[in-house]
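Working notes, structure below.
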Amino acid sequence: MTDHRFSAEAQALRRTARRELWIERILLAAAGLSAAVVVAIFSMLVWFCLPLFTEHRLGAVLAWRWDPIHQHFGILPMLITSCMLTILALCIAFPLTIGICSLLHGTIRNGVLRRMLLFLVHFMTGIPTVIYGFVSVFVLVPLLRWVFETGTGFSLMAACLTLSVLILPTMVLVLHAELDQAEARYRLTAEALGFSAEQTMRSVLLPACRRALIVTVLLGMGRAVGDTLVSLMVAGNAAQVPHSLFDSVRTLTAHIALVLATDSHSMAYQSVFAAGLFLFLLMSCFQAVLRFWAKSGASFR
Amino acid sequence: MKRSLFWMCCGVVMVLLVLGFGAGPAVSGALDAFKGLEGTVQIAGGTAHIPVMNDAAKAIMTAHPKIRILVEGGGTGIGVQKVGEGLVDIGNTGRALTDQEVAKYGLKSFPFALDGVAVVVHPSNPVSNLTAKQVQDIFSGVITRWKDVGGNDAPIHLFTRDEASGTREVFWEKALKKGSVAPSANVVGSNGAMKVAVSQDKDAIGYAGIGHVDASVKGIVLDGVAPTQENALNGSYPVTRKLYMNTKGEPKPLVKAFIDYILSPEGIEIVKKHGYLPL
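Protein chains in written order, with my numbering: chain A, 21 to 321; chain B, 800 to 1078.
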């Protein structure tokens, strides 16, 4: 009898173990597949860019002038624009994220206002990008033109504002989830020490979520660099290095979208792959720098 | 995100259903050619073609529910690529194919309409006449203020089209005489986007297919010739182009029937309705 029960338990245990093994295998396969896809994308980009390297035309792509009619295929203005736009959008969205999260976890921890704010953020994540672009074209762009009276309104500024609204909800949700966990861990202790809600937020929760802050920035950045539609619709798409916030600019992603439709044997078409490669490298660099920074920051403590 | 996408898809399916099966049958002469045919015709390419293609597709699909016709945009460049790679049956272009394109893909062209490209400004802009030279100077960035061409004391806001646009190609060749376009010009991706941009900005100047010019923008009289379809047809307005459908080799029967329909009297009515001129 006992033997039988024992063996049943052992069997159940073995079954669980086997199931876990399978789960592990499936997860491993998924991770492997994702990694393989990334590697495949990178190699494909390099493969398509090879003619640029072997035929010494890399210089033509790494130039400051885009004017395909006159055989100028420089994509550096777009590269600069993508970097600037991303950093500017983050400069707006990140403080706002911190602010909203501080509200949610510090000042208004309960009540209708908090629920409304959370609902709003969730709702904003669900709005398709094209809606943001559309509203910007009809509201923000004319407004910028009317208020500042420089340029057409289709500008770095318009793209940057729209983009920051676009990435804000994602960033808030990531940080909010992390803060929820930290709060469960530290709130009681902090209150016992006599911290006010705001003090807890500033001196306990935020420092505890340092890594989450980095992840938040990375995610926001990923969306900002990768977004095509918003910059295509509101940035103006002039292939030039911006000298002011009100200049019409073109990002790498918008550039790819605009040029991809050209004759597939033209140099312009090939330069698109270079643009893709640099976009890929740009993202990787951003990621590497931030992760490195996060790690070294952690070791200071 | 996912949920709204789902609803958008639902919406699109509903619209397709309504378009496909909602209206009653109205079989007439030119549509008889589709009798006994079924299958799908996929069309992509030039954005100027879309209204004509859509109306023809609607008429055909209403009379012959077994035929499906899918119309996409993408621009002239996409049209060449997709039909060349065999991804669609008809690739529309807003310009004649280049020799390389014909040689590479073995494409066959069917011109069906004439369209002019007009210089457009905001309706409230006092400037109504420009010379070709002035237009060239404006687009190359030599003239930067409306005052210099008899308008308001305001900066000129330039709008141009993307690299793959057939409209841009024609405008650049025939209006700008292959001159340069200032790098600071805004770039928009379609005739519709051009209209939206120019109609919202009182200092804007751009260009669009004459078929797209309506009350929201003002067509500029170029060298004393108004940008109308009549002037385009009799040759006095110089900035014109033909609209083409292209197939890879000889079209299959259903695709051939579609092309014949566009060229039939009924097709010509559709072409006229959208402001283009039949050939």
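Even glycine gets a Cβ: it sits at the ideal position worked out from N, Cα and C.
Chain A residues whose Cβ lies nearer than 8 Å to that of residue i
i, result
"S983/B", "A258, Q260, D267, S268"
"H956/B", "G171, T172"
Under 8 Å between C-beta atoms of residue i and residue j
i, j, result
"A178/A", "A202/A", "no"
"R231/A", "I187/A", "no"
"P982/B", "A258/A", "yes"
"H956/B", "A992/B", "no"
"S927/B", "I1019/B", "yes"
"Y1060/B", "A902/B", "no"
"L65/A", "F293/A", "yes"
"F958/B", "V997/B", "yes"
"G256/A", "T172/A", "yes"
"I859/B", "I849/B", "no"
"I842/B", "E871/B", "yes"
"N891/B", "Y1043/B", "yes"
"L906/B", "V941/B", "no"
"V1016/B", "H921/B", "yes"
"A984/B", "A832/B", "no"
"P88/A", "E962/B", "yes"
"T1046/B", "D898/B", "no"
"L108/A", "L124/A", "no"
Cβ-based neighbour list, residue i, same chain, cut-off 7 Å, excluding 5 preceding and 5 following
i, result
"T127/A", "A217, E218"
"S964/B", "G874, T875"
"V235/A", "V194"
"N924/B", "G950, K1001, K1017"
"P824/B", "In this predicted model, P824/B has a pLDDT of only 42, less than 50, meaning its place in the structure is not dependable; the value taken from the coordinates is given anyway. The answer, listed in chain order, is T861, A862."
"V309/A", "none"
"A856/B", "I868, V870"
"L280/A", "V292"
Closer than 8 Å to chain B by CB, residue i
i, result
"P88/A", "yes"
"T271/A", "no"
"A228/A", "no"
"A288/A", "yes"
"P189/A", "no"
"P71/A", "no"
"P115/A", "no"
"L99/A", "no"
"T36/A", "no"
"V309/A", "no"
Test: residue i CB closer than 8 Å to a CB of chain A
i, result
"H1073/B", "no"
"A1003/B", "yes"
"Q935/B", "no"
"G991/B", "no"
"V919/B", "no"
"V1070/B", "no"
Under 8 Å by beta carbon: chain B residues contacting residue i
i, result
"R165/A", "D1000"
"V279/A", "D961, E962, A963"
"L252/A", "G988"
Chain A residues whose Cβ lies nearer than 7 Å to that of residue i
i, result
"E972/B", "Within chain A, no residue comes near E972/B; the closest Cβ sits about 10 Å away, beyond 7 Å."
Close beta carbons around residue i, own chain, < 8 Å, minus the five adjacent residues each side
i, result
"D952/B", "R944, W945, K946"
"L1078/B", "P910, F911, A912, L913, K1041"
"T1039/B", "L913, D914, G915, V916, V969, K973, A1031"
"S939/B", "L975, G978, S979, V980, A981"
"H142/A", "P189, L193"
"F114/A", "M191, T236, V237, G240"
Same chain, Cβ closer than 6 Å to residue i, neighbours up to 5 away in sequence not counted
i, result
"L249/A", "T149, V150, G153"
"V224/A", "Y206, A210"
"F93/A", "A80, V81, M287, S291"
"Q260/A", "P97"
"G1005/B", "V919, F958, M993, V997"
"R305/A", "Reading off the sequence, residue 305/A comes out as Cys, not Arg. Answer for C305/A: no residue qualifies."
"T220/A", "A210"
"T170/A", "F266"
Interface residues of chain B facing residue i [CB-CB closer than 9 Å]
i, result
"V157/A", "A992, V995, A996, Q999"
Where residue i meets chain A, residues with beta-carbon distance less than 9 Å
i, result
"S979/B", "D87, I89, H90"
Problem set entry | Length at least 4, wholly inside the stretch 233 to 270 of chain A: the alpha helix (DSSP H) runs in chain order | Listed in chain order, they are 249 to 254.
Problem set entry | Secondary structure, alpha helix (DSSP H): runs of 4+ residues fully inside the stretch 880 to 927 of chain B | For the stretch 880 to 927 of chain B, whole alpha helix (DSSP H) runs of length 4 or above, ordered along the chain, are 898 to 904.
Exercise. Which ranges does the alpha helix (DSSP H) cover as unbroken runs of at least 4 residues, wholly within the stretch 853 to 883 of chain B, from first to last along the chain?
Worked result: Listed in chain order, they are 875 to 883.
Problem set entry | 4 or more residues per run - each alpha helix (DSSP H) lying fully within the stretch 64 to 109 of chain A | Counting only runs of 4 or more, we get 78 to 81.
Problem set entry | Contiguous alpha helix (DSSP H) assignments of at least 4 residues, all confined to the stretch 102 to 151 of chain A | Counting only runs of at least 4 residues, the stretch 102 to 151 of chain A fully encloses the following alpha helix (DSSP H) elements, listed from N- to C-terminal order: 132 to 145.
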